[in-house]
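Single-structure report; data block below.
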Amino acid sequence: MDAIPAAQTTKHHAPDVGELFTGFFVLGLTGFGGVLPLARHMMVEKRGWLTGAEFTDLLGLCQFLPGGNIINMSVAVGLKFRGIPGAFAAILGLIAVPTAVVIGLGVIYGRFADDPVVRHLFGGLAAAAAGLLISTAIKIAWPLRRDVLGLFIGALCVLAIAVFRLPLLPTLLTLAPLGIVLRSRQAS
């Protein structure tokens, strides 16, 4: 069985290595911090590289792998369209600007960390990040709105991790096979 049902796929624009670098460079430049909503917008809505369902499936894989989700996503998308050169182009584009910015901000923060204004600034940033995360969760879950089994597995995952504070890896190693078994029974 295909990972993505045929009805949910469309013919995409296959980016070349330069487009992968540029797309992820702009993402790294404009999306410092909570970049997932911007990544989805860029890859699904703006450039048409992936469908919403493909993005959600790929994100699930990238969350399961070690490392940052968006780093994994850049490598996966680069590999999908242009192999190893595409993966290198995408990841280098993504990390170039943030790496320079983090180094610069680290130096500045080291000098002003105890300033009350800086503390309030970080409090405001935390609230904005929470809102961004909730918005992204809704957009990512949207393709599952008619998929009762997908919603059930997703709800179990949230319950296990957010409510019961179970570790991510054992939760995924339990729920992924459960989802596969239930989905295969549903298909037959």
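Numbering-wise, the sequence shown is residues 5 to 192 according to this note's numbering.
Note that beta-carbon positions come from the ideal geometry of N, C-alpha and C, so glycine has one too.
Item	Value
Contact between the stretch 82 to 95 and the stretch 105 to 113 (3+ Cβ pairs under 8 Å)	no
Sequence-distant residues of the same chain with beta carbon closer than 6 Å to Ala164, five excluded per side	Leu170, Thr175
Reduced DSSP category for Trp53 - H, G, I as helix; E, B as strand; rest coil	coil
Exposure of Phe98, with buried meaning 16 or more beta-carbon neighbours within 10 Å	As written in the sequence, residue 98 is Leu, which differs from the Phe given in the question. Leu98 is buried by the Cβ-count criterion.
Classification of Pro120 by the beta-carbon crowding that lies within 10 angstroms, buried from 16 upward	exposed
Coarse secondary structure for Gly90, derived from DSSP in three states	helix
Pick from Gly127, Leu24, Gly183 that is closest to Ala94, judged by C-alpha positions	Leu24
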